[in-house]
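Colleague: These protein sequences, in sequence, are chains A and B.
Here the first sequence is numbered in the working numbering, starting from 1 and rising by one per residue.
Here the second sequence is numbered in the working numbering, starting from 165 and rising by one per residue.
Glycine is no exception: its CB is placed at the ideal position from the N, C-alpha and C atoms.
Bear in mind that the values here come from a model prediction, so they are computed numbers and not experimental data.
Take this structure first; my questions come after.
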Amino acid sequence: MSSSTSSHTKHHKGIDPHWKGILECAAIEVFNMMAGLEITPFAEPPGTPAGEQTAIVGLAGALCGMITVRCSSAAATKVAANMLGGDAAGNPSMISDAMGEVCNMVAGNFKAKVSSLANDCMLSVPTVITGDNYAIQTVPPSDGFELALSLDGEPVWFTLITQS
Amino acid sequence: MKKINVLIVDDSSVMRKIVERSLRQAGLEIDVCKEASNGAEALAEVQNATFDLILSDINMPAMDGLEFLRNLAGVPSAKNVPVVMITTEGSEARVVEALSVGAKGYIRKPFTPEQVKERVAPLLGGAQ
Numbered sequence: 001m002s003s004s005t006s007s008h009t010k011h012h013k014g015i016d017p018h019w020k021g022i023l024e025c026a027a028i029e030v031f032n033m034m035a036g037l038e039i040t041p042f043a044e045p046p047g048t049p050a051g052e053q054t055a056i057v058g059l060a061g062a063l064c065g066m067i068t069v070r071c072s073s074a075a076a077t078k079v080a081a082n083m084l085g086g087d088a089a090g091n092p093s094m095i096s097d098a099m100g101e102v103c104n105m106v107a108g109n110f111k112a113k114v115s116s117l118a119n120d121c122m123l124s125v126p127t128v129i130t131g132d133n134y135a136i137q138t139v140p141p142s143d144g145f146e147l148a149l150s151l152d153g154e155p156v157w158f159t160l161i162t163q164s
Numbered sequence: 165m166k167k168i169n170v171l172i173v174d175d176s177s178v179m180r181k182i183v184e185r186s187l188r189q190a191g192l193e194i195d196v197c198k199e200a201s202n203g204a205e206a207l208a209e210v211q212n213a214t215f216d217l218i219l220s221d222i223n224m225p226a227m228d229g230l231e232f233l234r235n236l237a238g239v240p241s242a243k244n245v246p247v248v249m250i251t252t253e254g255s256e257a258r259v260v261e262a263l264s265v266g267a268k269g270y271i272r273k274p275f276t277p278e279q280v281k282e283r284v285a286p287l288l289g290g291a292q
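Structure follows, in structure tokens:
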């Protein structure tokens, strides 16, 4: 966890309409700066989130919930190889660790860009799920949105789920 | 150009590799690059070797980056080694605290190799 939460913390009860654009910007920066990869919006939404690699970072404090990053193994391998060098491509552990770090940085970058969260929202250490046969169940009431960005035509999914 | 000895402190092995890779991509000549996964391990490293630069995460288990900085001040051979914090930390308070206990600068993730060089090169004097 990254920072303390005062008794004066403003707790967000829902999704701010600007957050989707902010998360998109945060994700693009992380991929570009840390992996030298360009991810771009799709002209048409590419369906529903899918892929065998999912990284999750929990949020607590002013905003409770999670941010996830999900993509195919091929896309995750490309990200890991660009971040860590070619050796990472053949190492599943390094690929998972890279996905976790990407999610951590996207979440950190997102909260740094939202002034009401920067000081009052804590991040968990990342968790990475390998495989695609799972569902995330959240305790209601929950809210959220998903966002797909194209990595050379392959979708990388970013999800924000909040709980109030 | 003198080659430098670097200590990278982060609980993520991936991030330690990324930081080293960024230093090399930025053109810094590295002789020895040691790694530690928390402040306690880093303190053990500075007792056994001499470093020109330490790059440290803030949030780590066992001993975090702030506690490491406080302890580093008590190690005569290492107390003058410049420490730059590398963190996802968005909280100004934590960054200010790090600077107040001895950090010479900080780099917020995500970062480019150029940003790393911009922050660390001035701390290395004539070494780079």
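In the DSSP output, what is P17 of chain A paired with across the bridge?
Modeller: For the purposes of this step, residue 17 of chain A is identified with residue 17 of the first sequence, where counting begins at 1. None; P17 of chain A has no bridge partner.
Colleague: Are the C-beta of T276 of chain B and some C-beta of chain A separated by less than 8 Å?
Modeller: Taking the second sequence and counting its residues from 1, one reaches residue 276 of chain B at position 112. Closer than 8 Å to some Cβ of chain A, the Cβ of T276 of chain B qualifies, so yes.
Colleague: When DSSP labels each residue in this structure, what does P46 of chain A get in the three-state scheme?
Modeller: Looking up residue 46 of chain A in the first sequence gives position 46. Coil, per DSSP.
Colleague: Considering Cα atoms alone, identify which of A:G153, A:S150, A:T162, A:Q137 is closest to D143 of chain A.
Modeller: Position 143 of the first sequence, counting from 1, holds the residue named residue 143 of chain A. Of the candidates A:G153, A:S150, A:T162, A:Q137, the one whose C-alpha sits nearest the C-alpha of D143 of chain A is A:T162.
Colleague: Can you give me the Cβ contacts of Q189 of chain B inside the same chain, cut-off strictly under 6 Å, excluding the 5 residues immediately before and after it?
Modeller: Within the second sequence, numbered from 1, the residue matching residue 189 of chain B stands at position 25. Cβ within range, chain order: P277.
Colleague: What distance in whole Å lies between the Cβ atoms of K181 of chain B and G108 of chain A, which are believed to be in contact at a cut-off of 8 Å?
Modeller: Within the first sequence, the letter at position 108 stands for residue 108 of chain A. Within the second sequence, the letter at position 17 stands for residue 181 of chain B. G108 of chain A to K181 of chain B, Cβ: 18 Å. No contact.
Colleague: For a cutoff of 8 Å on Cβ pairs, would you count L63 of chain A as touching chain B?
Modeller: Here residue 63 of chain A refers to the residue found at position 63 when the first sequence is read from its first residue. No, L63 of chain A lies away from the interface with chain B (no Cβ there is under 8 Å from its Cβ).
Colleague: Which partner residues does N169 of chain B have in the DSSP bridge list?
Modeller: Against the second sequence, residue 169 of chain B aligns to sequence position 5. For N169 of chain B, which the question treats as bridged, DSSP gives the partners B:V196.
Colleague: Which two residues bound the contiguous beta strand (DSSP E) that contains L123 of chain A?
Modeller: Walking along the first sequence from the start, residue 123 of chain A turns up at place 123. Taken as a continuous stretch (DSSP letters only), the beta strand (DSSP E) holding L123 of chain A covers 121–123.
Colleague: Please classify R283 of chain B as buried or exposed, where buried requires at least 16 neighbouring CB atoms within 10 angstroms.
Modeller: Your numbering for residue 283 of chain B matches position 119 in the second sequence. So R283 of chain B ends up on the buried side.
Colleague: Could you tell me if P49 of chain A is buried or exposed, where buried requires 16 or more neighbouring beta carbons within 10 angstroms of its beta carbon?
Modeller: The residue you call residue 49 of chain A lines up with position 49 of the first sequence. Its Cβ being crowded by 16 or more others within 10 Å, P49 of chain A is buried.
Colleague: Where does P126 of chain A land, buried or exposed, given buried means 16+ other C-beta within 10 angstroms?
Modeller: As a working note, residue 126 of chain A is residue 126 in the first sequence. Buried: at least 16 other Cβ atoms inside 10 Å.
Colleague: Taking the alpha-carbon of D216 of chain B as reference, which of B:P246, B:S177, B:M227 has the nearest alpha-carbon?
Modeller: Numbered from its first residue, the second sequence carries residue 216 of chain B at position 52. Checked all of B:P246, B:S177, B:M227; the closest Cα to D216 of chain B is B:P246.
Colleague: Which residues, in order along the region 140–158 of chain A, keep a beta-carbon less than 9 Å from a beta-carbon of chain B?
Modeller: Within the region 140–158 of chain A, no residue qualifies.
Colleague: Roughly how many whole angstroms lie between the Cα atoms of A118 of chain A and T252 of chain B?
Modeller: Looking up residue 118 of chain A in the first sequence gives position 118. Looking up residue 252 of chain B in the second sequence gives position 88. So the two alpha carbons sit approximately 10 Å from each other.
Colleague: Can you give the Cα-Cα distance for L236 of chain B and K268 of chain B, rounded to whole angstroms?
Modeller: Numbered from its first residue, the second sequence carries residue 236 of chain B at position 72. Numbered from its first residue, the second sequence carries residue 268 of chain B at position 104. The alpha-carbon atoms of L236 of chain B and K268 of chain B are separated by roughly 13 Å.
Colleague: Under 7 Å, CB to CB, which of the residues in the region 10–40 of chain A have a partner in chain B?
Modeller: Listed in sequence order: E29, V30, M33, M34.
Colleague: Would D120 of chain A pass as a contact of A62 of chain A if the rule is Cβ separation under 8 Å?
Modeller: Your numbering for residue 120 of chain A matches position 120 in the first sequence. Your numbering for residue 62 of chain A matches position 62 in the first sequence. The answer is yes: Cβ separation under 8 Å.
Colleague: So that I know if they touch, is there some Cβ in chain A lying closer than 8 Å to that of M179 of chain B?
Modeller: Position 15 of the second sequence, counted from the first residue, corresponds to residue 179 of chain B. Cβ-Cβ to chain A under 8 Å: yes for M179 of chain B.
Colleague: Based on DSSP bridge pairs, tell me the residues matched to T67 of chain A.
Modeller: Mapped onto the first sequence, residue 67 of chain A falls at position 67. Residue identity check: residue 67 of chain A is Ile in the sequence provided, not Thr. DSSP lists A:V57, A:L160 as partners of I67 of chain A.
Colleague: What is the DSSP secondary structure of K273 of chain B, reduced to helix, strand or coil?
Modeller: Mapped onto the second sequence, residue 273 of chain B falls at position 109. Residue state, collapsed to three classes: coil.
Colleague: Okay, do the region 166–180 of chain B and the region 217–233 of chain B touch, 3+ Cβ pairs below 8 Å being the bar?
Modeller: Touching, per the Cβ criterion.
Colleague: According to DSSP, V102 of chain A sits in a beta bridge with which residue or residues?
Modeller: Stepping through the first sequence from its first residue, residue 102 of chain A is reached at position 102. V102 of chain A is not bridged to any residue.
Colleague: Which chain B residues are close to L123 of chain A, counting only those with a beta carbon under 8 Å from its beta carbon?
Modeller: Position 123 of the first sequence, counting from 1, holds the residue named residue 123 of chain A. Within 8 Å Cβ-Cβ: T252.
Colleague: Between which two residues does the alpha helix (DSSP H) carrying E146 of chain A extend?
Modeller: In the first sequence, the residue the question calls residue 146 of chain A occupies position 146. E146 of chain A -> not in any alpha helix (DSSP H); beta strand (DSSP E) instead, spanning 142–151.
Colleague: Cα-Cα, which of B:M224, B:K281, B:I194, B:K167 is closest to A177 of chain B?
Modeller: In the second sequence, the residue the question calls residue 177 of chain B occupies position 13. The question names Ala, but residue 177 of chain B is Ser in the sequence shown. Closest option to S177 of chain B, Cα to Cα, is B:M224.
Colleague: At a CB-CB cut-off below 8 Å, which residues of chain A make contact with I182 of chain B?
Modeller: Working through the second sequence from its first residue, we reach residue 182 of chain B at position 18. Neighbours of I182 of chain B on chain A, chain order: M34, M83, L84, E101.
Colleague: Flag this pair as yes or no: are the beta carbons of A89 of chain A and A98 of chain A separated by less than 8 Å?
Modeller: Here residue 89 of chain A is taken as the residue at index 89 of the first sequence, counted from 1. Here residue 98 of chain A is taken as the residue at index 98 of the first sequence, counted from 1. No, they are not a contact pair.
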